[in-house]
Structures are given as C-alpha cells and as structure tokens.
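Enquirer:
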Amino acid sequence: MARRYDPERRTRIIDAALTVIAADGIAGLSHRTVAAEADVPLGSTTYHFASLDELLVAALRRCNENFVQALRSSG
Numbered sequence: 007m008a009r010r011y012d013p014e015r016r017t018r019i020i021d022a023a024l025t026v027i028a029a030d031g032i033a034g035l036s037h038r039t040v041a042a043e044a045d046v047p048l049g050s051t052t053y054h055f056a057s058l059d060e061l062l063v064a065a066l067r068r069c070n071e072n073f074v075q076a077l078r079s080s081g
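Numbering (this note's numbering), first residue to last: 7 to 81.
1. Does the Cβ of valine 40 have 16 or more other Cβ atoms within 10 Å, making it buried, or fewer, making it exposed?
2. Let's test the definition: count the other Cβ atoms within 10 Å of the Cβ of valine 46 and tell me whether it reaches 16, buried, or not, exposed.
3. From this set, Leu35, Ala29, Glu71, which residue's C-alpha is nearest phenylalanine 55's C-alpha?
4. What span of residues does the alpha helix (DSSP H) with tyrosine 53 cover, start to end?
5. Distance, Cα to Cα, serine 50 vs asparagine 70?
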C-alpha cells in the first residue's frame, strides 16, 4: 500500500501538541497523546519529531508566532 502524502500532518501534530499542553500541561505531552489528539498514526509523530523536545520547541514556536501575530493585528 502506498503511503499518502499529507502536507498538513506536521501542522496538525503541532496543533495537537498545543491542545494537549493546554489540557494536561507539559507533563501530559507524549507522542502517543499527541498522535491520538491529531488523529494520526503514532509513527507520524516520531517521523516529524524524533524527540518530545523537538515537538515541544515546535509547539512553543507556533504559540509565540500566534502571539506576535495577535499583537500586530491589534494595532
């Protein structure tokens, strides 16, 4: 079976990580909880992020980017 290309998967994983952190804190973050939240196979989280530290950095970057964008749009 051919693997489907999903360009949005990495983004969904990062968004799911932020959701997990908001609900359960950083202590609740795991590849398994993020995969379940993003509705992706567990292997997808480890494919895009070899470690939880990499995933956490990506999630915090996204959070920071969203914050900066909100500040800029508020005037």
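C-beta atoms are modelled at their ideal positions from N, C-alpha and C, and glycine is treated no differently. The structure presented is a predicted model; accordingly, all values stated were derived computationally and were not measured.
Expert: Result, derived from the coordinates:
1. buried
2. buried
3. Leu35
4. 48 to 54
5. 24 Å
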